[in-house]
Amino acid sequence: MQARTKKIIALIAVVVLLAAGGLAAVVWKLVDSAEPQLPTITAFAHGKSVTVEPTQHCNLYLEECVENPLGMLDVPAGFPLQLSLPSEISDAPWRLIVVYGDPKTGQTFVDGRLFEPGEQRAVTVPSDPSIQLLGVEIQLPSAVQDETGTAIAHAVWALQTY
Numbered sequence: 022m023q024a025r026t027k028k029i030i031a032l033i034a035v036v037v038l039l040a041a042g043g044l045a046a047v048v049w050k051l052v053d054s055a056e057p058q059l060p061t062i063t064a065f066a067h068g069k070s071v072t073v074e075p076t077q078h079c080n081l082y083l084e085e086c087v088e089n090p091l092g093m094l095d096v097p098a099g100f101p102l103q104l105s106l107p108s109e110i111s112d113a114p115w116r117l118i119v120v121y122g123d124p125k126t127g128q129t130f131v132d133g134r135l136f137e138p139g140e141q142r143a144v145t146v147p148s149d150p151s152i153q154l155l156g157v158e159i160q161l162p163s164a165v166q167d168e169t170g171t172a173i174a175h176a177v178w179a180l181q182t183y
């Protein structure tokens with residue numbers, strides 16, 4: 022190769038490397054400055070799905086809280102509700118609170134369960150044709166405890182199903 026051809030190839034290589042480095046720097050800056058997104062839950066029932074944002078999300082000491090509206094998904098009596106949780110929730114200890122009720126009498130029944138970290142990323146909430154599923158909550162406990170020693174939730178995803 023001639024000296025001039027070698028210089029042109031070297032110049033092109035330098036330009037390509039600088040362009041790639043510049044692109045990498047721009048992408049890194051955009052990703053680094055993006056607002057952190059709070060984890061969401063996906064709820065599915067009766068052929069429909071919704072994404073549920075946290076109704077309340079605070080740090081572990083119940084400071085710096087963000088609030089969002091309650092999630093809504095109609096779940097007819099007798100149909101199950103399926104919940105899919107991201108690793109930000111399922112890799113921590115979390116609680117599932119389920120509320121059933123009789124719309125005619127106003128009587129309600131609350132059930133719940135604590136899940137260990139990594140135990141389950143999805144859960145199916147059963148339903149019975151004779152009783153309506155009214156709503157569910159997913160809770161992440163905080164470092165703050167109430168007077169009985171129970172950890173207060175620092176993050177709550179609430180879904181109304183009726």
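Numbering (the working numbering), first residue to last: 22 to 183.
Where is the CB? At the ideal position from N, CA and C, for every residue including glycine.
Short of 6 Å from the beta carbon of Arg142, and not among the five residues preceding or following it, lie these beta carbons of its own chain, in chain order: Leu106 and Ser111. In this chain, the alpha helix (DSSP H) harbouring Ser111 covers Ser108 to Ser111. In terms of CA proximity to Thr126, Ile152 leads the group Ile152, Asn89, Val48 and Ser70. Between Pro147 and Pro101, the C-beta gap is smaller than 9 Å, which places the two residues in contact. Within its own chain, the residues whose Cβ lies closer than 8 Å to the Cβ of Ala172, once the five positions on either side in sequence are excluded, are Pro162, Ser163, Ala164, Val165 and Gln166, listed in chain order.
Closest by C-alpha distance to Pro124, out of Tyr183, Val157 and Glu168, is Tyr183. Measuring C-alpha to C-alpha distances from Tyr121 to each of Asp149, Phe136 and Leu32 identifies Asp149 as the nearest. Boundaries of the beta strand (DSSP E) harbouring Gly122: Trp115 to Gly122, taken from the DSSP string. Leu81 and Val37 have their C-alpha atoms roughly 47 Å apart.
For Gly68, the closest of Trp49, Leu91, Val48 and Gln103 by C-alpha to C-alpha distance is Gln103.
A residue is called buried when at least 16 other Cβ atoms come within 10 angstroms of its Cβ; Trp115 meets this threshold and is buried. Per DSSP, the beta bridge partners of Ala174 are Pro162. In summary, Cys86 is exposed, with fewer than 16 beta-carbon neighbours lying within 10 Å of its beta-carbon over all protein chains present. Here the alpha carbon of Thr61 sits roughly 12 Å from the alpha carbon of Gln77.
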